[in-house]
Amino acid sequence: MNEFGAYAVEKRGGWWGMLRLARDAKPKPIMGEGDTPIVFPDELSATKAVLRHFVAYFNGNIVASREIAGGTIRDARRARAERLFRNGKEIEVEREGAAA
């Protein structure tokens, strides 16, 4: 379901900020360097960090095919596949009998 959640939970000698977005099946901790959860000293600082991340998510870029500049997801996938099979080289095509 399209459920969101943001809260602090006490773990490992401190507090973790947990964030659940609609695209995720379960809440995830706010991650720091080295892909390890950030441990906050108290519940308030963890809650403030979760709130910052939550607001940044809603104010960020929307990811949907109609929001991608230059076409649809299908167009982007096709362009990526064409680059793969051409080894990234541009191949110019001239049509016979076409005016230049």
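Position 81 of the sequence shown, counted from 1, bears residue number 80 in numbering that gives the first Met the number 0, the numbering being contiguous throughout.
Here a beta-carbon is modelled for each residue, glycine too, at the ideal position from N, C-alpha and C.
Between the C-alpha atoms of residue 28 and residue 59 there is a straight-line separation of about 19 Å.
Counted as a single uninterrupted DSSP element, the stretch harbouring residue 92 is not any alpha helix (DSSP H), since DSSP gives it neither H nor E. DSSP lists 14 as the bridge partner or partners of residue 39. As the crow flies, the alpha-carbon of residue 78 is around 29 Å from that of residue 21. Taking each of 92, 17, 10 and 11 in turn and checking the Cα distance to residue 52, the smallest one comes out for 17. Per DSSP, the unbroken alpha helix (DSSP H) holding residue 72 starts and ends at 72-84.
The beta-bridge partner set that DSSP reports for residue 9 consists of 14. Measuring C-alpha to C-alpha distances from residue 13 to each of 38, 54 and 56 identifies 38 as the nearest. Pairing residue 6 with residue 45, the inter-Cα distance amounts to about 8 Å. With respect to the 8 Å criterion, residue 40 and residue 15 are not classified as neighbours on the basis of their beta carbons.
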